[in-house]
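Novice:
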Amino acid sequence: MKSQSALENVERGIVDLVTSEELKARVKKALDAKADPIDVIGSIRKALDEVGERYEKKEYFLMELIVAGNLATEIMNILRPYFKADMQAPRGRVVIGTVQGDLHDIGKNLVAAMLTSLGYTVTDLGVDVKPEKFVEVVRNEKPQVVAMSGLLTVGLPYMKTTIDALKTAGLKDKVKTIVGGRPLTKEYAKEIGADAYGTDATEAVRIIGGWVESKEAKKR
Amino acid sequence: MNRRDRALTALDHREPDAVPIWELGIDPPHAESITGKQWIGTSKETNLDRRGIERHNADIMVECHNKLDFVMIRAISSDPDGWRPQRFPDGTFTDEWGRIRMYDPRTKSTIPFRTLIKTPEDFEAMAFPDAHAPGRMYGLEYVVKRVKGDMAVAAEVRAPFATAWEMLGVTGFCQILHEKPQFIRKVIEKMTDFNIELIKMVVDAGADMIVSNGDIAEKNGPMVSPKYFDQIFLPNMKREVEAAHKKGVKFIKHTDGDLNLILEGLANTVDGLHSLDPSASMDIEYVKEKYGKRLVLMGNVSVDKLCRGTKDEIVKDTKRCIRVAAPGGGYFLNSSNTWYADAKLENCMAMVETGRKFGKYPIKL
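Line by line, the protein sequences give chains A and B. Here our numbering is used: the first sequence runs in plain steps of one and ends on residue 220. Here our numbering is used: the second sequence runs in plain steps of one and ends on residue 1365.
1) Does any CB atom of chain B fall closer than 8 Å to the CB of residue 58 of chain A?
2) Could one say the Cβ of residue 1218 of chain B lies closer than 8 Å to chain A's Cβ atoms, at least one of them?
3) State the Cα-Cα distance for the pair residue 1281 of chain B and residue 1305 of chain B, rounded to the nearest angstrom.
4) According to a CB-to-CB cut-off of less than 8 Å, which residues of the stretch 62-81 of chain A neighbour chain B?
5) Taking the runs of the beta strand (DSSP E) that are 3 residues or longer, which of them lie wholly in the stretch 1243-1307 of chain B?
6) Can you tell me which of B:1041, B:1201 and B:1062 puts its alpha carbon nearest to the alpha carbon of residue 1053 of chain B?
7) I'd like the list of long-range same chain contacts for residue 208 of chain A, defined as Cβ closer than 6 Å, with 5 residues on each side in sequence excluded.
8) With distances taken Cα to Cα, identify the nearest neighbour of residue 27 of chain A among A:160, A:17 and A:40.
9) Tell me whether the stretch 1023-1030 of chain B and the stretch 1081-1088 of chain B touch, counting them as touching only if at least three CB pairs, one residue from each stretch, are closer than 8 Å.
10) Residue 1113 of chain B and residue 103 of chain A look like a contact to me (Cβ under 8 Å); what is the Cβ gap, rounded to whole Å?
11) Return the bridge partner residues of residue 1218 of chain B from the DSSP annotation.
12) If we define contact as Cβ-Cβ less than 8 Å, is residue 1029 of chain B a contact residue for chain A?
13) On the CB-based measure, 16 or more other CB atoms within 10 Å of its CB, does residue 1001 of chain B come out buried or exposed?
14) Contact criterion: CB-CB distance below 8 Å. Does residue 1261 of chain B meet it with respect to chain A?
15) Give me the DSSP bridge partner(s) of residue 1202 of chain B.
16) Using a 10 Å radius around the Cβ and a threshold of 16 neighbouring Cβ atoms, would you call residue 1163 of chain B buried or exposed?
17) Which residue comes first and which comes last in the beta strand (DSSP E) that contains residue 1213 of chain B?
18) From residue 1234 of chain B to residue 1189 of chain B, what distance separates their C-alpha atoms?
19) How long is the line joining the alpha carbons of residue 1130 of chain B and residue 1136 of chain B, rounded to whole angstroms?
20) Measuring alpha carbon to alpha carbon, tell me which of B:1276, B:1118, B:1102 and B:1119 ends up nearest residue 1111 of chain B.
21) Can you tell me whether residue 1344 of chain B is buried or exposed, with buried defined as 16 or more other CB within 10 angstroms of its CB?
22) Strictly under 8 Å for the Cβ-Cβ distance: is residue 1215 of chain B near chain A by that measure?
23) Where does residue 1241 of chain B fall in DSSP's three states?
24) Mind reading off the beta-carbon distance from residue 107 of chain A to residue 180 of chain A? Whole number of angstroms is fine, and I expect it under 8 Å.
25) CA-CA distance, residue 1231 of chain B and residue 1158 of chain B?
26) Measuring CB atoms only, is the stretch 134-150 of chain A touching the stretch 170-178 of chain A, in the sense that at least three cross pairs come out at less than 8 Å?
27) If contacts are defined as beta-carbon pairs under 8 Å, then residue 158 of chain A and residue 183 of chain A qualify, I think. What distance do you get, rounded to the angstrom?
28) Flag this pair as yes or no: are the beta carbons of residue 163 of chain A and residue 193 of chain A separated by less than 8 Å?
29) Terminal residues of the continuous beta strand (DSSP E) containing residue 1112 of chain B?
30) Note down, in chain order, every chain B residue with its Cβ under 9 Å from the Cβ of residue 41 of chain A.
31) Taking only runs of the alpha helix (DSSP H) that begin and end inside the stretch 133-205 of chain A, which ones reach a length of at least 4 residues, in chain order?
32) Under the assumption that residue 17 of chain A contacts residue 64 of chain A (Cβ atoms under 8 Å), give the Cβ distance between them as a whole number of angstroms.
33) Pick out whichever of B:1336, B:1290, B:1329 and B:1288 has its Cα sitting closest to the Cα of residue 1299 of chain B.
34) I'd like the list of long-range same chain contacts for residue 1108 of chain B, defined as Cβ closer than 6 Å, with 5 residues on each side in sequence excluded.
35) Return yes when the Cβ of residue 1241 of chain B is within less than 8 Å of the Cβ of residue 1251 of chain B, no when it is not.
36) Taking the straight line between their C-alpha atoms, what separation do you get for residue 1287 of chain B and residue 196 of chain A?
Structure below.
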C-alpha cells in the first residue's frame, strides 16, 4: 500500500509538472518503499496518457506536453540501471524520420521524445530521410514501427515511395507504418498504404502503443 | 484609387474600390515562375555581394507583386553591415539570434534548425543584436524606393515569442518557461525593446504597416497556456502595438493555429489578424461578426486547399471569404498562411482571379 501511494505520487508529479528534483525525490521514495521499477514505468505511462488527454481537452498545451515528456525521460534514465536485462528487450523499437524533401522536425521530435520517455527504443533518422535509408535501418534494426513525418506537401509522395520501398524490400509486412504531419489526412494515409495516420503527437503515440502492446500480447 | 490607397483604406475599416489582395509570403520558386527570373538562394550561385543579392531578390519580389497587382509587399530588416555568420561544415550557419539555419534548396529559403543558445547562461553571454546597427534598414529602404508609393509596404517584425522559441529551441524554451518564467519574461522584454526600436525605424523608412510574424499557436490551440500568454507575451505585444500607433501605423499579428482561447486578449491588443487558418478551427465569419469592427482580418483561404485542392475548391473558398468578411471593409484576401513552394500555382492564381472577379465593392455575393 505504501508503495502504491508512492507510485501515485510519481504519476501525479508528472501530471502536475512538478520540478525535476521533486519528481526524482518521489521516485526515490517509491523505490525505497519497495515499489517495483516496472510499476514506476507504469506510473509514467499513466501520467503521460493523462497529460495527452488534458492536451486534447485544451487544458494543457504544447508546453505541458514537452515538459511532461522531459520529466518522464529523466525518470526513465534514473530507472535504466534497474533494467539491464530488460534493456535488451525494450518496450518496442521505433524508427522515425522526416521524409525526403522536408526539413521540418518539431512534430517528429515531439513524437520521438514521447516514445523515448515511455521506454521505447527510438532510432531518429533526422530530416530529409531518403526511402533507402529507412529501408536500410529497418532491415538492420528490425523495429516494430516506422513513423514518417512531413510538414510539406512535397514530402508526401516520398511517404508513398518509402512505403513502396519497404514493400519491395520485403519488409512492409514486418513493420507497422504510421504517418503524420500537417497536410496529411486519414484518407491519404490509407491511399499510400500506411497502416495509420496520427493527427497529432499524442494520437501517434497512442496508436504505436496499441500496436506494440498487441504484439507483446501475442508473444505471451 | 491606387493599390496602396486600397490597402490603407481597408486597414482603416472602410470599403475601398475592391477587396485588397496580397500575400505575406511568396516562396521564391513561385516568384521565379511568375517573373521568369532566377532567385539567388546562396552566395555560391553568384558573384554579387550580400547587398547585391538582397537587391536582386527584392527586384524579383517587387516585379512578382506588380504582375499579380498585389496591394502590399512584405519587407524585412537586414542583417547589419559587416555581419558574418558562423558557418559549419554541414552547410548550416548562424543568424544574429544564435539560431542555426539550414538552406532548403527546394524552397530557396532558410529555416531555423538548431540553436547555439541552450541555457539562460548562453543567452546572457550572447552579443545581443543592436537594432540601430548600420545597414539594418538596407533591404526595407530598397523595397520602399522600388514600389514608390504604388504599393503599401508591410514591415515584418519577428515576434519575440517566435524568436525566443527558435533561439532556445522548442524543448529548451518550454522547459525554461516552466521552470524560470521570469527568465523568459526578461528575454521577451529585451526582444520587445529591440522590436520597438525597429518599429520606429521601419516606419521612418517608409513602412505603412507592421506585421508581427511568427506563430503563437498550433492546430490544437496556443503553444503555451493562456495564463502565460496573458502574463508574459501579451503585455509585451501591447508595447509593440503602442510603438506602432505612436508612429501612426497599424500592427497586425500573423500566426498559424487555433487562437480561439486567446482571441479576446488579442482583439483587445492588436489591430488585425493574419492569416486565420480554417484547418485550425479559425472561423472568419465568427471572428468578423464578433471582432470585425476592431480587427482587420486577413486571409482564411485554405492553404491546404492551395496545396492539395482543386481550382473549383479555391474559387468556392475565396468567394466564401469575400462574402463573409469583406462587406464593410477591413478585409484583405490572402491565403491562410503564405504561398508555400508546394502550393499549386494554378490554385494560387485562381484565388487571385476570383478575388478580382467577385471582390468589387459593393460586394454582391
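For glycine and all other residues, C-beta sits at the position ideal for the given N, C-alpha and C. As the structure is a prediction and not an experimental result, all values here were calculated from the model.
Specialist: To lay it out plainly:
1) yes
2) yes
3) 15 Å
4) 62, 63, 64, 66, 67 and 70
5) 1250-1254, 1272-1275 and 1296-1299
6) B:1041
7) 145
8) A:40
9) no
10) 7 Å
11) B:1221
12) no
13) exposed
14) yes
15) Paired residue(s): none; residue 1202 of chain B is not in a bridge.
16) buried
17) 1209-1213
18) 11 Å
19) 9 Å
20) B:1102
21) buried
22) no
23) helix
24) 6 Å
25) 20 Å
26) yes
27) The Cβ separation is near 13 Å, so there is no contact.
28) yes
29) 1109-1115
30) Simply none; closest approach about 22 Å.
31) 156-168 and 186-191
32) 6 Å
33) B:1336
34) 1028, 1039 and 1041
35) yes
36) 34 Å
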